[in-house]
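Student: Here you go, one structure.
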Amino acid sequence: MSITETASGKPTVVLVHGAFAESSSWNGVISGLLAEGYPAIAVATPLRGVTFDSEYLRALLVDVEGDIVLVGHSYGGTVVSGGGTDNPNVKALVFAGAFAPEEGETPGDLASRLPGSSLGETLTKVEQPDGGNDLYIMQSRYHAQFAADSSVDVANVMAVTQRPILESAFGEKSGKPAWKTIPSWFLFGSKDLNIPVAMHRFMAERAGSRKTVELPEGSHTVAIPEAAKLVDLIREAADATCGRN
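Printed below as a string of structure tokens:
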């Protein structure tokens, strides 16, 4: 039995959030997708490591019938690229302010390779029983760092509900990337303070992006205030790839 109903004939859009966010960060996008008849799943990403999270997504996708469009935000792009391989139903990848790593690259490497990220100075650690550390963005720094183009009220709620990521996840190497064989689309903000805009441009070009949307003044979470633009891009990706053998 499939997780979603697919009577509309449209692909299922699977949304994968990244670190310091959670599934409700997709609410605006979800509303737009449902209004157009797209089945959707907003994955509760474990944020425990690149391999673990990719396998978690891979297992979920087995229970989705029909064509799939995978959408990843931030670290979720790493998960989409890793978990989207070897599933013939995955027809398109959409990276929304997201990492699109090559095999062997780490999220931490991609965030720091080029200047422009100030994430590190905003983080705080919470030690876990096994000796590892969970990372959070300090609530007082969250709006400016993560969601500057959203209202203070929206960002404050996001800061409180953010999900932490295991510190070691940022140093874990990515496996075979799905974007090598699956068409991809990219959207990001020019004022992203987590992933430098120059890195977004580099990753989009390297992946052979079918369409790249750069939103002026957009933050790391530009797809919250600009949800309609991401829905447009998802629709374009679905129309270009789904319903085809």
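At position 175 of the sequence shown the residue is numbered 175 (UniProt numbering), and the sequence of numbers has no breaks. A virtual CB, placed ideally from N, CA and C, is assigned to each residue, including glycine.
Using the Cβ count rule (16 or more neighbours within 10 Å means buried), how would you classify GLU226?
Tutor: As a working mapping, residue 226 is identified with position 226 in the sequence shown. Its Cβ being crowded by 16 or more others within 10 Å, GLU226 is buried.
Student: What are the start and end residues of the alpha helix (DSSP H) that includes ILE30?
Tutor: Counting from one through the sequence shown, the residue named residue 30 turns up at place 30. That run of the alpha helix (DSSP H) goes 27 to 35.
Student: Do you know whose CA, among SER31, SER209, ALA228 and GLY66, lies nearest LYS180's CA?
Tutor: Taking the first residue of the sequence shown as 1, we reach residue 180 at position 180. LYS180 has its Cα closest to that of SER209, out of SER31, SER209, ALA228 and GLY66.
Student: Could you give the DSSP three-state label for LEU193: helix, strand or coil?
Tutor: Here residue 193 corresponds to residue number 193 of the sequence shown, with the count starting at 1. Coil, per DSSP.
Student: Would you check if the distance between the CB atom of ASP130 and the CB atom of PRO164 is smaller than 8 Å?
Tutor: On the sequence shown, position 130 is the one that residue 130 refers to. On the sequence shown, position 164 is the one that residue 164 refers to. Contact: no.
Student: Mind the definition here: the segment 15 to 31 touches the segment 212 to 227 only if three or more C-beta pairs lie below 8 Å; say whether that holds.
Tutor: The segment 15 to 31 is in contact with the segment 212 to 227.
Student: Quick one: residues in its chain with C-beta nearer than 6 Å to the C-beta of SER8, no 5 flanking neighbours on either side, listed in chain order?
Tutor: Taking the sequence shown and counting its residues from 1, the one referred to as residue 8 is at position 8. The answer, listed in chain order, is GLY37.
Student: Note the first and the last residue of the continuous alpha helix (DSSP H) segment covering GLU127.
Tutor: If you number the sequence shown from 1, residue 127 lands on position 127. Counting along the chain, GLU127 falls outside any alpha helix (DSSP H), though it belongs to the beta strand (DSSP E) covering 123 to 127.
Student: Does ILE234 come out as helix, strand or coil in the three-state DSSP assignment?
Tutor: To locate residue 234, count along the sequence shown from 1; it is residue 234. Note: ILE234 maps to helix in three-state DSSP.
Student: Have a look at LEU187 and GLY83 and give me their C-alpha separation to the nearest angstrom.
Tutor: Position 187 of the sequence shown, counting from 1, holds the residue named residue 187. Position 83 of the sequence shown, counting from 1, holds the residue named residue 83. Taking the straight line from one Cα to the other gives about 20 Å.
Student: What is the rounded straight-line gap between the Cα of ASN245 and the Cα of VAL213?
Tutor: As a working note, residue 245 is residue 245 in the sequence shown. As a working note, residue 213 is residue 213 in the sequence shown. With a pLDDT of 44 at ASN245, under the threshold of 50, the modelled position of this residue cannot be trusted, and the question is left open.
Student: Determine, using beta carbons only, whether SER74 and ASN194 come nearer to each other than 8 Å.
Tutor: Your numbering for residue 74 matches position 74 in the sequence shown. Your numbering for residue 194 matches position 194 in the sequence shown. Yes, the Cβ-Cβ distance between SER74 and ASN194 is below 8 Å.
Student: Any idea what DSSP makes of SER168, helix, strand or coil?
Tutor: For the purposes of this step, residue 168 is taken as residue 168 along the sequence shown, with counting starting at 1. SER168 falls in the helix class under three-state DSSP.
Student: According to DSSP, simplified to helix, strand and coil, what is LEU119?
Tutor: Indexing the sequence shown from 1 puts residue 119 at position 119. Here LEU119 sits in helix by DSSP.
Student: In three-state terms, what does DSSP make of PHE52?
Tutor: As a first step, residue 52 must be located in the sequence shown, where it is residue number 52. Three-state result, PHE52: helix.
Student: What is the rounded straight-line gap between the Cα of VAL157 and the Cα of LEU34?
Tutor: Sequence index remark: in the sequence shown, residue 157 carries index 157 (1-based). Sequence index remark: in the sequence shown, residue 34 carries index 34 (1-based). For VAL157 and LEU34, the distance between alpha carbons rounds to 24 Å.
Student: Does TYR136 come out as helix, strand or coil in the three-state DSSP assignment?
Tutor: Position 136 of the sequence shown, counting from 1, holds the residue named residue 136. Correct three-state label for TYR136: strand.
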